[in-house]
Amino acid sequence: MFDVKNIRAFVRDNHEELTAIMESQRMEISNSPLIKLLHGKYLVPFWKERPNKEYFYAIYFDEALIEDINLDAIANSLDLITESLKIYNWIKVNSNFEVIEQATINLNEEALINQSNTKKVVFFFGLEGIDTAIRGKIIDKINVFYNEVDRMEFAKRYHISQIDKCLKDYEAYIGEPGINQGFFASDALVNRLRPVNTPRNILLNKPEKILRDNLISFLNRHTQHTFSKENELNNQRELDLYTEVKGKKYLVEVKWLGQSINDMDTDLTQKVTDVAAREGVTQTLDYIKQLIEDMNFNLHCGYLCVFDVREVKNPINYRNFDFITNELQVYYKNHFIKLDEINLDRV
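Each residue of the sequence shown is one higher than the one before, counting from 4 in my numbering.
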């Protein structure tokens with residue numbers, strides 16, 4: 004009988020050697036003349052001819068059949084496979100490429116890898132082209148998506164160029180009961196601190212952190228990108244939100260206007276006014292300058308995002324941006340966008 008512990012110890016102790024052997028076997032199969040001819044002469048044209056590249060499917064066969072593949076029969080067989088693909092997305096073929104099994108499955112990367120681990124050669128037909136799975140690995144990985152639902156969900160998400168539209172959705176989201184309550188101090192606390200002329204829109208203490216963290220969570224769920232909070236500047240000042248898209252960097256500076264509970268929960272803070280929004284412009288431009296000039300980052304754009312939590316939402320006075328210094332004007336002109344204010348009121 005095999006001792007499982009000994010087998011595991013052998014695999015652990017010889018991991019690099021076993022990995023190299025497995026990779027060698029994969030490449031031997033992948034570079035087989037018949038596999039390369041099958042892929043390039045028959046399967047690639049077959050994929051190109053199908054109008055709907057957003058329909059994902061896979062064709063697979065036993066590794067043992069590689070040397071027996073009948074290239075003369077493939078053209079006719081592919082016509083029959085076309086009929087099968089009207090219903091099924093998971094097709095097993097023989098050496099003549101005749102369909103011997105067919106099914107509709109939740110096609111994904113795991114399914115391809117698992118099937119290839121049973122000594123099957125698996126061809127996956129995706130949006131970008133054809134990938135081949137062999138011995139537990141997808142060779143080259145041309146495609147980004149291996150599941151249609153994942154692709155459709157991703158397509159629904161906003162690109163960075165649509166951040167203004169995304170923030171309109173966010174404005175509606177933070178108005179929902181349950182979500183909305185997470186920003187504001189309790190009625191009991193506000194009534195105790197201001198029993199007369201009690202204001203409604205009083206934020207919890209440290210509101211900028213709460214607003215920023217909630218916004219980053221929403222952006223990561225509803226955009227195609229990953230936003231983070233990072234100490235990116237040389238002086239270790241923390242950027243509010245930061246992302247990278249195809250090598251281009253973007254930052255989002257978050258500010259708020261209104262009033263909050265102080266750090267000790269003993270009083271209300273002074274009202275934060277238009278001055279903070281104008282300071283936000285300057286601060287964002289300073290960040291842009293540092294990232295481009297001092298750190299040589301390929302910064303495409305810096306956004307200013309202002310939460311307007313004031314009781315009375317008069318237009319914010321940016322003074323036509325006349326306060327921007329000459330030194331920062333070039334960054335304002337080329338790399339700065341002030342996003343529409345996000346209106347937030349207690350519901």
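Backbone N, C-alpha and C fix where the C-beta goes; we use that ideal spot for every residue, glycine too.
For residue i, the nearest candidate out of the options (CA to CA)
i    : options                : result
V312 : I94, R349, K249        : R349
T269 : N194, K39, E101        : N194
I264 : N299, A191, Q227, Y253 : A191
L83  : I72, E101, N92, L74    : E101
V278 : R322, N79, L40, S27    : R322
D266 : V309, T226, L207       : L207
V257 : L46, G178, K232        : K232
K159 : T135, Y335, R224, F49  : R224
G185 : Q165, P210, Y161, I163 : P210
L308 : N183, D243, E31        : The question names Leu, but residue 308 is Cys in the sequence shown. The shortest C-alpha separation from C308 is found at D243.
Sub-8 Å separation of residue i and residue j beta-carbons
i    : j    : result
F59  : F157 : no
F221 : Y176 : yes
A67  : L115 : no
I351 : L288 : An answer regarding residue 351 cannot be provided, because it is not within the stretch 4 to 350 covered by the chain.
K252 : L294 : yes
K122 : D71  : no
F324 : Y334 : no
A136 : S164 : no
Cross-strand partners of residue i (DSSP beta bridge)
i    : result
L307 : E256, K341
F127 : A61, D134
Q286 : According to DSSP, Q286 bridges with nothing at all.
K95  : Y63, E104
T1   : Not covered by the structure: residue 1. The range shown for the chain is 4 to 350.
L302 : K252
Local Cβ density within 10 Å of residue i, reported as buried at 16 or more and exposed below that
i    : result
F5   : Low confidence applies here, because F5 scores a pLDDT of 49, under 50, leaving its location unreliable and the question unanswered by this model.
L347 : buried
D343 : exposed
L37  : exposed
N34  : exposed
R203 : exposed
V275 : buried
G305 : buried
Q332 : exposed
D3   : The structure shown does not extend to residue 3, since the chain is modelled only from 4 through 350, so no value can be given for it.
Query - At least 3 beta-carbon pairs within less than 8 Å: the segment 168-184 vs the segment 280-290 - result: no
Query raised in the report: Are at least three pairs of beta-carbons, each pair with one atom in the segment 146-155 and one in the segment 106-113, less than 8 Å apart?
Result: yes
Query raised in the report: With a cut-off of 8 Å, do at least 3 Cβ pairs link the segment 75-95 to the segment 134-146?
Result: no
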